[in-house]
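Residue numbers (my numbering): 349 to 599.
We put the CB at the ideal spot given by N, CA and C, even for glycine.
All of these numbers come straight from a predicted model, not from anything done at the bench.
Heads up: the structure comes next, in structure tokens.
Take a look at the structure:
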């Protein structure tokens with residue numbers, strides 16, 4: 349397997365960006381499949397904001413969030429404590445080698461992880477292993493080929509393409525959304541349902557800086573400047589295409 353690196357990094361900008369996400373805003377596609385008493389694995393939980401929302405929904409069931417980065421687990425535990433949610437726990441683990449027995453979970457949720465993986469099918473096969481028979485998995489990942497940015501310019505298109513290419517060089521695939529169904533099928537899942545939506549970011553400066561920081565660190569200062577200048581336009585728009593997939597495990 350080729351090497352991989354988490355492109356956004358763990359700066360305050362990146363962590364705050366992820367912490368804005370909740371089940372209602374970014375996981376609603378999977379909410380109808382979550383019920384009280386379910387055991388749920390949140391794969392790549394980040395700062396744990398979605399995990400905590402899921403935990404509230406499945407009481408007295410339990411949610412386990414895993415992430416490869418220790419700082420994210422620390423923040424997730426802090427968030428759960430401050431929220432007063434006790435039926436969730438977090439641990440450092442790799443999605444390629446889950447520290448759980450076969451058929452440990454009723455549901456698996458995974459938001460914004462597949463696009464960072466060098467071998468998403470390997471991770472999905474490991475998810476298949478720990479999922480109960482007749483269990484369900486919900487994935488959501490972006491697809492950069494569907495992004496809408498305004499006002500358009502060739503310089504802006506080159507800047508966002510450079511960011512997508514940077515993620516690919518780091519072992520990921522920011523254009524993966526359209527492939528989620530194929531990846532799930534290759535991992536053994538069945539009854540796959542796909543959907544798509546757009547997320548319009550209310551703050552161009554926030555998303556512009558989020559993208560610019562990584563490009564700047566890689567020496568692409570011209571692209572970073574383009575993004576920061578574009579983000580000052582009060583009439584601009586950044587609409588991200590998200591693809592969600594729900595699938596089952598039938599043995």
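Limits of the unbroken beta strand (DSSP E) element including residue i
i: residue 595; result: 585 to 596
i: residue 383; result: No beta strand (DSSP E) holds residue 383; DSSP gives it neither H nor E.
i: residue 464; result: Unbroken run through residue 464: none, as it is neither H nor E.
i: residue 526; result: From DSSP, residue 526 is part of no beta strand (DSSP E); its letter is neither H nor E.
i: residue 498; result: 496 to 498
Cβ-based burial, residue i [other Cβ within 10 Å; buried from 16]
i: residue 580; result: exposed
i: residue 353; result: exposed
i: residue 506; result: exposed
i: residue 565; result: exposed
i: residue 449; result: exposed
i: residue 568; result: buried
i: residue 312; result: This structure leaves residue 312 out entirely; the chain is present only between 349 and 599.
i: residue 357; result: exposed
Residue from the options with nearest C-alpha to residue i
i: residue 398; options: 452, 385, 423 and 496; result: 423
i: residue 552; options: 544, 574 and 569; result: 574
i: residue 519; options: 536, 529, 467 and 556; result: 467
i: residue 517; options: 527, 572, 563 and 419; result: 563
i: residue 294; options: 489, 535 and 435; result: Nothing can be reported for residue 294, as the shown portion of the chain is limited to 349 through 599.
i: residue 572; options: 558, 446 and 492; result: 558
i: residue 359; options: 447, 419 and 351; result: 419
i: residue 396; options: 453, 472 and 433; result: 433
i: residue 355; options: 534, 510 and 527; result: 510
i: residue 387; options: 374, 376, 555 and 405; result: 405
i: residue 499; options: 374, 583 and 378; result: 583
i: residue 474; options: 417, 445 and 464; result: 445
i: residue 417; options: 363, 380 and 528; result: 363
i: residue 598; options: 549, 527, 383 and 538; result: 538
i: residue 503; options: 379, 373, 570 and 368; result: 570
i: residue 471; options: 514, 351, 443 and 526; result: 443
i: residue 464; options: 501, 514 and 441; result: 514
i: residue 524; options: 549, 550, 494 and 501; result: 494
i: residue 361; options: 578, 585, 409 and 554; result: 554
i: residue 385; options: 409, 550, 476 and 578; result: 409
Distance CB(residue i)-CB(residue j) smaller than 8 Å
i: residue 496; j: residue 512; result: no
i: residue 439; j: residue 481; result: no
i: residue 392; j: residue 366; result: no
i: residue 402; j: residue 371; result: yes
i: residue 469; j: residue 535; result: yes
i: residue 407; j: residue 436; result: no
i: residue 478; j: residue 492; result: no
i: residue 453; j: residue 532; result: no
i: residue 541; j: residue 560; result: no
i: residue 382; j: residue 455; result: yes
Span of the alpha helix (DSSP H) around residue i
i: residue 404; result: 397 to 406
i: residue 363; result: 360 to 367
i: residue 426; result: 418 to 431
i: residue 580; result: That residue, residue 580, is in no alpha helix (DSSP H); it is neither H nor E in DSSP.
i: residue 468; result: 468 to 478
i: residue 554; result: 552 to 565
i: residue 511; result: 502 to 517
Practice task
Check whether the stretch 421 to 430 touches the stretch 459 to 473, counting contact only when three or more Cβ pairs, one atom from each stretch, lie closer than 8 Å.
Solution key: no
Exercise for the section: May I ask you to verify whether the stretch 476 to 486 touches the stretch 409 to 420, counting CB pairs closer than 8 Å and requiring at least 3? Expected result: no
Practice task
Count the C-beta pairs between the stretch 584 to 598 and the stretch 534 to 550 that are closer than 8 Å, then say yes if the count reaches three, no if not.
Solution key: yes
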